Amino acid sequence: MSARLLAEALGTFFLFATVVGAGIMAEKLAGGNVAVALIGNTLPIAGMLFVIIVMLGPISGAHFNPVVTLVMKLRGEIESGAALAYVLVQVISGVLAVWAVHLMFELPIIQIADTPRTGIGQWVSEGIATFGLILTILATARAAPERVPVSVALYIFAACWFTSSTSFANPAITIARSFTDTFAGIAAMDIPGFVAAQIAGALLAMGVGRVLLGPEPAV
Numbered sequence: 247m248s249a250r251l252l253a254e255a256l257g258t259f260f261l262f263a264t265v266v267g268a269g270i271m272a273e274k275l276a277g278g279n280v281a282v283a284l285i286g287n288t289l290p291i292a293g294m295l296f297v298i299i300v301m302l303g304p305i306s307g308a309h310f311n312p313v314v315t316l317v318m319k320l321r322g323e324i325e326s327g328a329a330l331a332y333v334l335v336q337v338i339s340g341v342l343a344v345w346a347v348h349l350m351f352e353l354p355i356i357q358i359a360d361t362p363r364t365g366i367g368q369w370v371s372e373g374i375a376t377f378g379l380i381l382t383i384l385a386t387a388r389a390a391p392e393r394v395p396v397s398v399a400l401y402i403f404a405a406c407w408f409t410s411s412t413s414f415a416n417p418a419i420t421i422a423r424s425f426t427d428t429f430a431g432i433a434a435m436d437i438p439g440f441v442a443a444q445i446a447g448a449l450l451a452m453g454v455g456r457v458l459l460g461p462e463p464a465v
């Protein structure tokens, strides 16, 4: 269990540090061009996702996301105590990653975001983004498990562009991003709407996955 939790902590830390750090760097270098800033943010995220899933997947399953852990718990693939520990580690490690990024860029370490991200479009975007992420994981794990890292990385890269919310698709990163008043921030009051949409999207994907894929094959 200690190795699994350490893997989740490290993977979450580097993923969230990439989300926030690459956002700061991209905004600095883009010269006000939001499209360039977004591509400069999303390419590193996809790259980091691929690396940490390959590196840490065999140890912890490479969840790095409470809704992934929730779905795996409901599918009986992780025990209740471990699932709770995973989620706590994901949230704590995510916030620590944000603070580390602020330190690296010589910004005030403690910040509170005031970027508004709310409304039906944002919530639908988060539901769809999370639905697609979970379905990608479940379907690819069944069809070609060795391709899960690249499939997840490519899906998130695409979802950052086709959704108006830029695809948080992760309650832990949503919480962590409320602690940075930078390119990646989200106002704390907008967290509940995002998290509710993410959970709904994940549960819907789980149900659709059962229809598409049928029961889990016997081991």
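The sequence shown maps to residues 247 to 465 in our numbering. In this text, a Cβ means the ideal position worked out from N, Cα and C, and glycines have one as well. This structure is a prediction, so every number in the text was calculated from the model and none was measured.
Measuring CB to CB, does A443 end up less than 7 angstroms from G340? As a first step, residue 443 must be located in the sequence shown, where it is residue number 197. As a first step, residue 340 must be located in the sequence shown, where it is residue number 94. Contact flag unset, no.
Environment of D436 [buried if 16+ CB atoms lie within 10 Å]: One-based indexing of the sequence shown puts residue 436 at position 190. By the neighbour-count rule (16 or more Cβ atoms within 10 Å), D436 is buried.
Does the contact criterion of 3 or more C-beta pairs under 8 angstroms hold for the stretch 320-339 versus the stretch 249-263? Yes, the stretch 320-339 is in contact with the stretch 249-263.
If the criterion is Cβ atoms closer than 7 angstroms, does the pair V266 and T409 meet it? Your numbering for residue 266 matches position 20 in the sequence shown. Your numbering for residue 409 matches position 163 in the sequence shown. Result no, Cβ atoms of V266 and T409 do not sit closer than 7 angstroms.
Less than 7 angstroms between the C-beta atoms of G269 and A430, yes or no? Locating residue 269 in the sequence shown gives position 23, where the first residue counts as 1. Locating residue 430 in the sequence shown gives position 184, where the first residue counts as 1. With contacts defined as CB atoms closer than 7 angstroms, G269 and A430 qualify as a contacting pair.
Flag this pair as yes or no: are the beta carbons of A448 and V344 separated by less than 7 angstroms? Counted from its first residue, the sequence shown places residue 448 at position 202. Counted from its first residue, the sequence shown places residue 344 at position 98. Contact: no.
Terminal residues of the alpha helix (DSSP H) in which A399 lies: Translated into positions along the sequence shown, residue 399 becomes position 153. Per DSSP, the unbroken alpha helix (DSSP H) holding A399 starts and ends at 394-408.
By DSSP, does Q368 sit in helix, in strand, or in coil? As a position in the sequence shown, residue 368 is number 122, starting the count at 1. In the structure shown, Q368 adopts helical secondary structure according to DSSP, grouped into three states.
Give me, in chain order, the residues of the same chain whose beta-carbon lies closer than 6 angstroms to that of A464; leave out the 5 immediate sequence neighbours on both sides. As a first step, residue 464 is located in the sequence shown; it is residue number 218 there, counting from the start. Note that A464 has pLDDT 49, beneath the 50 cutoff, so the model's placement of it is unreliable and the number below is only indicative. Within the same chain, A464 has no close Cβ partners at all.
Determine the burial state of P354: buried for a count of at least 16 other Cβ atoms within 10 Å of its Cβ, exposed for fewer. As a working mapping, residue 354 is identified with position 108 in the sequence shown. Exposed: under 16 other Cβ atoms inside 10 Å.
Burial state of R456 (16 or more Cβ within 10 Å): Translated into the one-based positions of the sequence shown, residue 456 becomes position 210. It is exposed - the Cβ of R456 has fewer than 16 other Cβ atoms within 10 Å.
Hey, how far is the Cα of G322 from the Cα of S413? Here residue 322 is taken as the residue at index 76 of the sequence shown, counted from 1. Here residue 413 is taken as the residue at index 167 of the sequence shown, counted from 1. Between G322 and S413, the C-alpha separation is close to 27 angstroms.
Would DSSP call A283 helix, strand or coil? Along the sequence shown, read from residue 1 onward, the residue named residue 283 stands at position 37. Collapsing the DSSP output to three states places A283 in a helix.
Assign S371 to buried or exposed, taking buried as 16 or more other Cβ atoms, counted over all protein chains shown, within 10 Å of its Cβ. The residue you call residue 371 lines up with position 125 of the sequence shown. S371 comes out buried.
Report buried or exposed for V280, applying the criterion of at least 16 other Cβ atoms within 10 angstroms of its Cβ. Residue 280 sits at position 34 when you count from the first residue of the sequence shown. The residue is exposed, with fewer than 16 neighbouring Cβ atoms inside 10 Å.
If we count Cβ pairs, one from each stretch, closer than 8 angstroms, do we get three or more for the stretch 286-300 versus the stretch 392-401? At 8 angstroms Cβ cutoff, the stretches touch.
Cβ-based burial, E325 [other Cβ within 10 Å; buried from 16]: Looking up residue 325 in the sequence shown gives position 79. Taking all protein chains in view, the Cβ of E325 is surrounded by fewer than 16 other Cβ atoms within 10 Å, so the residue is classified as exposed.
Going by DSSP in three states, H309 sits in which element: helix, strand or coil? The residue given as residue 309 occupies position 63 in the sequence shown. Three-state DSSP puts H309 in coil, outside helix and strand.
Can you tell me where the alpha helix (DSSP H) holding Q444 begins and where it ends? Locating residue 444 in the sequence shown gives position 198, counting from the first residue. Run containing Q444: 437-459, per the alpha helix (DSSP H) assignment.
Sub-7 angstroms separation of A331 and L252 beta-carbons: For this step, residue 331 is matched to residue 85 along the sequence shown. For this step, residue 252 is matched to residue 6 along the sequence shown. The beta carbons of A331 and L252 sit no closer together than 7 angstroms.
Would you call the CB atoms of R388 and L459 closer than 7 angstroms? The residue you call residue 388 lines up with position 142 of the sequence shown. The residue you call residue 459 lines up with position 213 of the sequence shown. A contact, by the Cβ cut-off of 7 angstroms.
Output needed for M350: all residues of its chain with C-beta closer than 8 angstroms, excluding positions within five of it in sequence on either side, in chain order. Within the sequence shown, the letter at position 104 stands for residue 350. Contacts found: G267.
Run through DSSP, which three-state label would S411 get? For this step, residue 411 is matched to residue 165 along the sequence shown. Collapsing the DSSP output to three states places S411 in coil.
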